[in-house]
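S.K.: Protein chains in written order, with the working numbering: chain A, 6 to 311; chain B, 48 to 398. All C-beta atoms in this analysis are idealised placements derived from N, C-alpha and C, irrespective of residue type, glycine included. This is the structure I have questions about; it appears just below.
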Amino acid sequence: MDMTASLIATTLSAGTPLALASLGLLINEKSGVVNLGAEGMMLMAAVVGFAVALHTGNQWAAFGAGAAVGALLAAALGLLVIWLGTNQYATGLALTLFGAGLSAFLGIDYVGKTLPNFPPWDIPGLSQLPFFGPALFRHHLMVYLTILLALGMIWFFDRTRAGLVLRAVGESPEVAHALGYPVRRIRLLALVCGGALVGVAGAYLSVIYTPLWVQGMTAGRGWIALALTTFATWRPARVLLGAYLFGGVTMLQFFFQGSGVQVPSQLLSMLPYIATIVVLALMSRNPLWIRVNMPASIGKPFTPGG
Amino acid sequence: MLRLEARAEPSRWMVWLSPLLALAITVAFGVGIFLAMGKSPLLGLSMFFWEPIKSPYNLSELALKATPLILIGLGLAACYRSNVWNIGAEGQYILGAIFGGGVALLAGDHTPHAIVLPVLLAGVLGGMVWAALVAALRDWFNANEILVSLMLVYVAQYLLDYLVYGPWKDPEGYNFPQTRMFADPTLLGHLIDGTRLNWGFPIALVAVALVWVFLFRSVAGFRLQVGGLAPGAARYAGYSSRKALWTVLLMSGGFAGLAGALDAIGPLQQLTPQVSQGYGFAAIIVAFVGRLNPVGIVLSGALMAMFYIGGELAQSRLGLPNAMTGVFQGLLLFALLACDTLIHHRIRLKR
C-alpha cells in the first residue's frame, strides 16, 4: 500500500475513538456539565466491550455493552453533580479513578486474550479506487458512522428545537427553567447520551482498534477528548477535524520509527500529549474567544428556585 | 418519600462524619467483593484494616507508605483551597524522583552523606519545574490547568522510561530498565533498626505543621483561600489571583517532588519505570478525605496507605487482585462527595 494512503487510513482509524468520545463530551458540555470521568468511563466500556466481544463474538453486542456502561456511569455522575450539586471536577475525577481501578480489576482474566477478527467494511466499488480506496474506503463501519454522527450533531444543534433547548440549558439554566424546561432532567439526558458515546469509543478501542485489553489502555484518550472540545470551540465539525489531527500525531510516531529516524521511541510517544498542551495553550490564549464560545454555565450546578 | 432539605447553616459534625460514612460505604462494597470472590469478608477486611497496624514493624511500613501521600496531599489541599485544579501531582512526583535520582547517581561510595540534602532539594526543584509549566501555561496562555497538569503526567512517565531504558540504564543490570543502585552515602538511613522507616516521615509531619500555619495563620494563606472561595471578593480586595496560582502550584509541585526524591533514596534505592504506584492520584483522594486540612490529611494519608498495603497483602495471602486498591480508592472519593451533600443538606421524611 502507498505510504501516504496508509498514513491517511491509520489516521482516520486512530482519530475515530477520539472523535466519538469528544462528540459525547461535547453533548455533555453543551448542556453545562463537564465530564472529567471520561477516561474512567472509556476504560470501563473498553473492558466490558472486550469481554462481551470475546464471549459472544458479536461486535455490535460489544458496542451496545460499551454504550450501556458509559450511560450507566454517566447517570451515576449525573446523580451526584446534577441532583446533589457536587463539584463537577472532583466528582468526574473520582469516576475516572474508580473506573481505572475497577476496569483493571475486572479485566485481569482478559489480559492477553485475542478476539476474532472483525473485518473492515470495503465500500463496494469505491474501495477499489487507486490510492483513495485504501486511504478512505476500507474502514470499519464505525469510522463512517462517526462522521455521520458529527454531521447529525451539527444539524441537531443548529436546526432542531431540541438542540436549541439543550444549548439554552447550557448557556442559561435560569432562563430555560423560567421557560418551563426541566433543566436537570435535560442535563441528565445529555450526560447519559454523551456517556453512551464515550462508552462506544472505549469499546471501539479495545474491540476494533487494538484489539486487546490492557490495563489503562486508553492512555489518556479520555482527557485528550476533553481537550478537543475546547480546541474545537465546541463545534462538532472541528471536533472531528481535531480528532483526526490527533490521530495523525499518534500515528506519526510509528512512521518515524518505520522510516528509521533515530529518535528514542519514548520521546516520540510523548508527542500526542505535548501536542495537546501546545494546541490547548494556543487556542485558549485569547480568553474572550473562549468565553464567547464556551457554554456559559459549564461547571456550575443549578438548583431550580435556588 | 425521602427529601433533601437545605440546612440553615452547614453542619460542623457532618464535615468530619462524612468521610467516616464514605468509608463505611466503601467497606460495605468491599464486603460484597470479597463475598463475590468467595473469600471470607472478615479475613479480607483484616488485610486492609488490621494487618497494617497490628505490629510496630507493620506500623513503620504504614508510615513509610503514608509519607508521600501526606506530602503530596498537603500541596494539593492548598491548590484546591485556592480553586487551582492541579491533578498532575503524579507527574510532579516522578520529576522529583528523576531530579533527585539524577543527583544521587552522581555520587560515589566516598561522597559525604550530606549529599542527601542536594538530592532532596533537586527533587523539590524537579517537582516545581513541572508544576511551573502548568502555572505558566495557565497564567500566560489561559490554558486549563486540569488538562495541562494531567498531560504532563504522561510526558513525565515517558521521560522516566526514556532515561531508564536509555542513558541512565545500569550497564551491569542484565538489560533491565533500571538505573544502578544509588551509592550508600546517598541513601536515607533507617530511623529505627529493623524497620525501613526513614527521615521522610518526620519531614512530612513538619510539613503538616508548616502548611497548617501557612493556611490558617498567615495572610498569604488567607488571601489564596479567599481567592478560592470568592474570586470576586478577592479581586475587590486587591488579592492577586496570579500570585495565588503560582504560589500553590510551586508549593504542591515542590512537595510532590520532595516525596519523589524521598522515595527514590528511601525504599526504592534506584529508578525503574515503576517509581510511582499512583501516589499522585491517590493523594487527590487523600486531600479531599482529609477535608483539605493538614491534620486531616495525616489521617487520610494513613488510611490510603492502609489501602495500598491491604491490597498487596490481599494479593499475596488471599490471591485477590491488587487492583482492588484502585477500586476502593475511587469508590471512597465518589462516596465522600455524595456524603458531603449532607454538610449543607439534611434528609427529611416527607409524605
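1) Who pairs with T53/B in a beta bridge, going by DSSP?
2) Note down, in chain order, every chain B residue with its Cβ under 7 angstroms from the Cβ of T21/A.
3) Among L389/B, G138/B, D310/B, Y221/B, whose alpha-carbon lies nearest the alpha-carbon of V181/B?
4) For W126/A, I'd like the list of residues in its chain whose CB is within less than 6 angstroms of its CB, leaving aside the five on either flank, ordered along the chain.
5) Count the other CB atoms within 10 Å of the CB of G310/A; is the residue buried (16 or more) or exposed (fewer)?
6) Nearest to T114/B by CA position, among L153/B, G348/B, L383/B, G170/B, is which residue?
7) Identify, in the order they occur along the chain, each residue of the same chain with its Cβ nearer than 8 angstroms to the Cβ of V273/B, setting aside the five sequence neighbours on each side.
8) Helix, strand or coil for W160/A, going by three-state DSSP, please let me know.
9) Taking 6 angstroms as the limit between beta carbons, can you name the residues of its chain near A67/A, skipping five residues before and five after?
10) Bridge partners for D127/A per DSSP, in chain order?
11) Is T234/A helix, strand or coil by DSSP?
12) At a cut of 8 angstroms, does the segment 33 to 48 of chain A reach the segment 259 to 277 of chain A through at least three beta carbon pairs?
13) With H, G and I counted as helix, E and B as strand and the rest as coil, what does DSSP make of Y201/B?
14) Would DSSP call W259/B helix, strand or coil?
15) So if I threshold CB-CB distances at 9 angstroms, which residues from the segment 315 to 344 of chain B count as touching chain A?
16) Where A311/B and T16/A are concerned, what is the direct C-alpha to C-alpha distance, given to the nearest angstrom?
17) Could you tell me which chain A residues have their CB closer than 7 angstroms to the CB of W132/B, listed as they occur along the chain?
18) Between V131/B and T234/A, what straight-line distance do the alpha-carbon atoms span, to the nearest angstrom?
19) Assign N122/A to one of two classes, buried (16 or more other C-beta atoms within 10 Å of its C-beta) or exposed (fewer than that).
20) Nearest to G37/A by alpha carbon, out of L246/A, P124/A, L193/A, L272/A?
21) Cβ of I119/B within 7 angstroms of Cβ of A303/B?
22) Roughly how many whole angstroms lie between the Cα atoms of A230/B and I394/B?
23) Is N189/B close to chain A, meaning its C-beta is less than 7 angstroms from at least one C-beta of that chain?
24) Which residues of chain A have a Cβ atom closer than 7 angstroms to the Cβ of D208/B, listed in chain order?
25) Is Y249/A helix, strand or coil by DSSP?
26) Consult DSSP for R240/A and reduce its assignment to one of helix, strand or coil.
27) To test your reading of the DSSP string, which unbroken alpha helix (DSSP H) runs of 4 or more residues are found completely within the segment 271 to 324 of chain B?
28) Shortest alpha-carbon distance to Q64/A belongs to which of P300/A, S264/A, F259/A, A206/A?
29) State buried or exposed for F263/B, treating a residue as buried only when at least 16 other CB atoms are found within 10 Å of its CB.
30) If you measure from the beta carbon of S211/A to each beta carbon in chain B, is any gap under 7 angstroms?
31) Between A190/B, G135/B, L197/B, L235/B, which has its C-alpha nearest L164/B's C-alpha?
32) Run through DSSP, which three-state label would M299/A get?
33) Exposed or buried, which one is N33/A when buried takes at least 16 other CB atoms within 10 Å?
34) Along chain B, in chain order, which residues have C-beta atoms closer than 9 angstroms to that of I113/A?
35) Quick check on the DSSP output: what are the complete alpha helix (DSSP H) runs of length 4 or more inside the segment 111 to 172 of chain B, in order along the chain?
36) Taking the CB atoms as reference points, tell me whether F328/B and L169/A lie closer together than 7 angstroms.
M.R.: According to the data block:
1) In the second sequence, counting from the first residue as 1, residue 53/B sits at position 6. One detail in the question is off: residue 53/B reads as Ala in this sequence, not Thr. Looking at the DSSP output, A53/B bridges to H392/B.
2) The residue you call residue 21/A lines up with position 16 of the first sequence. Against chain B, a Cβ distance below 7 angstroms from T21/A picks out nothing, because the smallest value is about 21 angstroms.
3) Sequence index remark: in the second sequence, residue 181/B carries index 134 (1-based). Answer by Cα proximity: G138/B.
4) Reading the first sequence from its first residue, position 121 is the one you call residue 126/A. Excluding sequence neighbours, W126/A sits near L146.
5) Sequence index remark: in the first sequence, residue 310/A carries index 305 (1-based). Residue environment for G310/A: exposed (fewer than 16 other C-beta atoms within 10 angstroms of its C-beta).
6) Reading the second sequence from its first residue, position 67 is the one you call residue 114/B. Out of L153/B, G348/B, L383/B, G170/B, G348/B has the C-alpha closest to the C-alpha of T114/B.
7) As a first step, residue 273/B is located in the second sequence; it is residue number 226 there, counting from the start. Residues A280, A281, A284, Y286 of the same chain have their beta carbon placed closer than 8 angstroms to that of V273/B, with the five preceding and five following residues left out of the count.
8) As a working note, residue 160/A is residue 155 in the first sequence. Of the three classes helix, strand and coil, the one that applies to W160/A here is helix, per DSSP.
9) Sequence index remark: in the first sequence, residue 67/A carries index 62 (1-based). Only residues of its own chain outside the window of five on either side were considered, and among them G54, V57, A58, A208, V212 have a CB closer than 6 angstroms to the CB of A67/A, listed in chain order.
10) What you label residue 127/A is simply residue 122 of the first sequence in a count that begins at 1. D127/A is bridged to R143/A.
11) On the first sequence, position 229 is the one that residue 234/A refers to. It is helical.
12) No contact exists between the segment 33 to 48 of chain A and the segment 259 to 277 of chain A.
13) Here residue 201/B corresponds to residue number 154 of the second sequence, with the count starting at 1. Three-state DSSP puts Y201/B in a helix.
14) As a first step, residue 259/B is located in the second sequence; it is residue number 212 there, counting from the start. Three-state DSSP puts W259/B in a helix.
15) Under the 9 angstroms Cβ criterion, the segment 315 to 344 of chain B contributes G325, F328, A329, I331, I332, F335.
16) Residue 311/B sits at position 264 when you count from the first residue of the second sequence. Residue 16/A sits at position 11 when you count from the first residue of the first sequence. Their Cα atoms are separated by approximately 39 angstroms.
17) Numbered from its first residue, the second sequence carries residue 132/B at position 85. Within chain A, the residues Y94 have their CB atoms less than 7 angstroms from the CB of W132/B, given in chain order.
18) In the second sequence, residue 131/B corresponds to position 84, counting from 1. In the first sequence, residue 234/A corresponds to position 229, counting from 1. When rounded, the distance between both Cα atoms is 21 angstroms.
19) Counting from one through the first sequence, the residue named residue 122/A turns up at place 117. Exposed.
20) Here the question's residue 37/A lines up with position 32 in the first sequence. Looking from the CA of G37/A, the closest CA among L246/A, P124/A, L193/A, L272/A belongs to L193/A.
21) For the purposes of this step, residue 119/B is taken as residue 72 along the second sequence, with counting starting at 1. For the purposes of this step, residue 303/B is taken as residue 256 along the second sequence, with counting starting at 1. A contact, by the Cβ cut-off of 7 angstroms.
22) In the second sequence, counting from the first residue as 1, residue 230/B sits at position 183. In the second sequence, counting from the first residue as 1, residue 394/B sits at position 347. If you take the alpha carbons of A230/B and I394/B, they lie about 60 angstroms apart.
23) Within the second sequence, numbered from 1, the residue matching residue 189/B stands at position 142. So, interface residue.
24) For the purposes of this step, residue 208/B is taken as residue 161 along the second sequence, with counting starting at 1. In chain order: Q271.
25) As a position in the first sequence, residue 249/A is number 244, starting the count at 1. Three-state result, Y249/A: helix.
26) Stepping through the first sequence from its first residue, residue 240/A is reached at position 235. The answer is coil: DSSP assigns R240/A none of H, G, I, E or B.
27) Restricted to the segment 271 to 324 of chain B, the alpha helix (DSSP H) segments that are unbroken, complete and at least 4 residues in length are 278 to 284, 288 to 310, listed in chain order.
28) Looking up residue 64/A in the first sequence gives position 59. Looking at the Cα atoms, A206/A is the closest of the given residues.
29) Looking up residue 263/B in the second sequence gives position 216. Answer is exposed; the Cβ neighbour count stays below 16.
30) Sequence index remark: in the first sequence, residue 211/A carries index 206 (1-based). It does not; no Cβ of chain B falls within 7 angstroms.
31) Here residue 164/B corresponds to residue number 117 of the second sequence, with the count starting at 1. L164/B has its Cα closest to that of L235/B, out of A190/B, G135/B, L197/B, L235/B.
32) Within the first sequence, numbered from 1, the residue matching residue 299/A stands at position 294. Of the three classes helix, strand and coil, the one that applies to M299/A here is coil, per DSSP.
33) For the purposes of this step, residue 33/A is taken as residue 28 along the first sequence, with counting starting at 1. By the 10 Å Cβ count, N33/A comes out buried.
34) By one-based count along the first sequence, residue 113/A stands at place 108. At a C-beta separation below 9 angstroms, I113/A has these neighbours in chain B: P368, A370.
35) Qualifying alpha helix (DSSP H) stretches, in chain order: 136 to 153.
36) In the second sequence, the residue the question calls residue 328/B occupies position 281. In the first sequence, the residue the question calls residue 169/A occupies position 164. Note that the C-beta distance between F328/B and L169/A is not below 7 angstroms.
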